[in-house]
Amino acid sequence: MEYEAIQKIYHNYSNFYDLLFKKVFLPRHKFAIKEMDIQPGDKILDVGVGTGLTLQCYPRDCQVTGIDLSPSMLKKAYKKKIKHGLDHVTLMEMDACNLTFDDDEFDHVVAAFVLTVVPDPVKALQEIKRVCKKGGILVLVNHFMSDNKLIAKTEKLIDPVCRKLGWRTNVALADLLDQVNLKADSCVRMKKLDIWSIVFANNTK
Ligand SMILES: C[S@@+](CC[C@H](N)C(=O)[O-])C[C@H]1O[C@@H](n2cnc3c(N)ncnc32)[C@H](O)[C@@H]1O
34 MEYEAIQKIY HNYSNFYDLL FKKVFLPRHK FAIKEMDIQP GDKILDVGVG
84 TGLTLQCYPR DCQVTGIDLS PSMLKKAYKK KIKHGLDHVT LMEMDACNLT
134 FDDDEFDHVV AAFVLTVVPD PVKALQEIKR VCKKGGILVL VNHFMSDNKL
184 IAKTEKLIDP VCRKLGWRTN VALADLLDQV NLKADSCVRM KKLDIWSIVF
234 ANNTK
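Counted the way my numbering counts, the sequence shown spans residues 34 to 238.
Structure, rendered in C-alpha cells:
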C-alpha cells in the first residue's frame, strides 16, 4: 500500500477506530505487553501506535516512544496521553520503514497490527531490528497468512479488497522472519481459532 493511501484511510478511521477495534485489540495488547516483563527505565518503541490503545498497558516507570505515519491517529493518541497524564510517553510522526532513531536505541519494540499495513513489511521489520538492542524483545501482534493452503488461498484472493480497507492479508510470518533473519521464540493465539497471532522474538541482531 502506498503512503498517501494509508494516510487517507487512517485519517478516515481516526474518529471511530477505538469504537471499531478497541474491544478486540486491547486484550491482545494487554497480554503482549504483560508478557514482555518490562523493567523500570526500559526504553520501548511502539511502532504504528495509532490512536494509542496500547499506551495505558505500559508500566509508568518505563519510557515509551510511539510513532505513526498518520497525524490524525497520533492526535487521538496525544489526547489519551494528556487525559491520562502519560508523562512517560512521547509521540512522533514517523515512517516505520525509515525510522530516524539510532541503532540499538530501544530495549524492546512493539508492533501491533501494523506490519500488514506498512508499504514494505520487510523494511519495517529490518528497521525495528536495527533500533532495538541485541537481546531485546520484538513483539509482533498481527494477522499472518494461514498455514492451511485453502485458507491461505482465500486470504490471497481477498487481499485486494482488504487493502482498500487499510491492511493486507497476504503476509506470511515464516517468510517475513526469514527475510530479516529472525526466529520466533513463541507465537501465541488467545483463542483456538484466533486470526491474530502474538509473536515474541529475541533480537539476536
Ligand atoms: C491497524 S492500525 C494499528 C494501530 C495500533 N498499533 C493498534 O494496535 O491499535 C495501523 C497503524 O499503522 C500506521 N501506519 C501505517 N503505515 C505506517 C508507516 N509506514 N509508518 C508508521 N505507521 C504506519 C497507521 O497510520 C495506523 O495508525
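The beta-carbon is built from N, C-alpha and C at its ideal position, and this holds for glycine as well.
Would the C-beta of Leu86 count as close to ligand 1, meaning under 7 Å from any of its heavy atoms?
The residue given as residue 86 occupies position 53 in the sequence shown. Leu86: yes, Cβ under 7 Å from ligand 1.
From the DSSP output, read off the bridge partner residues of Lys76.
Against the sequence shown, residue 76 aligns to sequence position 43. In the DSSP assignment, the residues bridged to Lys76 are Gln96.
I'd like to confirm the pairing. Which residues does DSSP put opposite Phe139 in its beta bridges?
Indexing the sequence shown from 1 puts residue 139 at position 106. Phe139 has Cys165 as its beta-bridge partners, per DSSP.
Which residues DSSP lists as bridging Asn175, in chain order:
For this step, residue 175 is matched to residue 142 along the sequence shown. According to DSSP, Asn175 bridges with Ser230.
Looking only at C-alpha atoms, which of Cys95, Leu52, Lys109, Asp137 sits nearest to Lys166?
As a first step, residue 166 is located in the sequence shown; it is residue number 133 there, counting from the start. Ranking the options by Cα distance to Lys166, first place goes to Asp137.
Thr202 and Asp211: beta carbons closer than 8 Å?
The residue you call residue 202 lines up with position 169 of the sequence shown. The residue you call residue 211 lines up with position 178 of the sequence shown. Between Thr202 and Asp211, the C-beta gap is not smaller than 8 Å, which leaves the two residues out of contact.
Roughly how far, in whole angstroms, is the beta-carbon of Val147 from the beta-carbon of Phe177, given that I think they are within contact range, below 8 Å?
Taking the first residue of the sequence shown as 1, we reach residue 147 at position 114. Taking the first residue of the sequence shown as 1, we reach residue 177 at position 144. Rounded to whole angstroms, the Cβ separation of Val147 and Phe177 is 13 Å, and the two are not in contact under 8 Å.
With distance defined between alpha-carbon atoms, name the residue in Tyr91, Asn235, Glu68 nearest to Lys216.
As a working mapping, residue 216 is identified with position 183 in the sequence shown. Per the Cα distances, Asn235.
Contact between the region 97-108 and the region 171-186 is defined here as three or more beta-carbon pairs at a separation below 8 Å; is this criterion met?
No: fewer than three Cβ pairs fall under 8 Å.
Note down the Cα distance separating Gln96 from Ala129, rounded to an integer number of angstroms.
Your numbering for residue 96 matches position 63 in the sequence shown. Your numbering for residue 129 matches position 96 in the sequence shown. When only Cα atoms are considered, Gln96 and Ala129 end up about 19 Å apart.
Going by alpha carbons, who is nearest to Ala144 out of Asp153, Thr133, Leu132, Leu158?
Indexing the sequence shown from 1 puts residue 144 at position 111. The residue with the shortest Cα to Cα distance from Ala144 is Leu158.
Here's the rule I'm using: 16 or more other beta-carbon atoms within 10 Å means buried, otherwise exposed. How should Pro73 be labelled?
On the sequence shown, residue 73 is found 40 positions in, with the first residue counted as 1. The residue is exposed, with fewer than 16 neighbouring Cβ atoms inside 10 Å.
If you reduce the DSSP assignment to three classes, tell me which class Leu107 lands in.
Within the sequence shown, residue 107 is the residue found at index 74, counting from 1. Note: Leu107 maps to helix in three-state DSSP.
Mapping DSSP to helix, strand and coil, what is Ala217?
For the purposes of this step, residue 217 is identified with residue 184 of the sequence shown, where counting begins at 1. Assignment of Ala217 by DSSP, reduced to helix, strand and coil, places it in the coil class.
Run through the DSSP bridge pairs and tell me what Val122 is partnered with.
Position 89 of the sequence shown holds residue 122. Val122 is bridged to Val97.
If you draw a straight line from the C-alpha of Lys55 to the C-alpha of Lys238, how long is it?
Numbered from 1 along the sequence shown, position 22 holds the residue referred to as residue 55. Numbered from 1 along the sequence shown, position 205 holds the residue referred to as residue 238. Near 33 Å, if we compare the C-alpha coordinates of Lys238 and Lys55.
Gly168 classed as buried or exposed, judged by whether at least 16 other C-beta atoms fall within 10 angstroms:
Walking along the sequence shown from the start, residue 168 turns up at place 135. Result: exposed.
By Cβ distance, which residues of its chain are closer than 8 Å to Ser47, with the 5 residues on each side in sequence left out?
In the sequence shown, residue 47 corresponds to position 14, counting from 1. The answer, listed in chain order, is Thr84, Ser103, Ser105, Met106, Lys108, Lys109.
Cα-Cα separation, Cys90 to Leu183
Counted from its first residue, the sequence shown places residue 90 at position 57. Counted from its first residue, the sequence shown places residue 183 at position 150. Cα to Cα, the separation comes out at about 36 Å.
From Lys225, Asp153, Gly81, residue whose alpha carbon lies closest to that of Val213
Counted from its first residue, the sequence shown places residue 213 at position 180. Taking the Cα of Val213 as reference, the smallest distance to any Cα among Lys225, Asp153, Gly81 is reached at Asp153.
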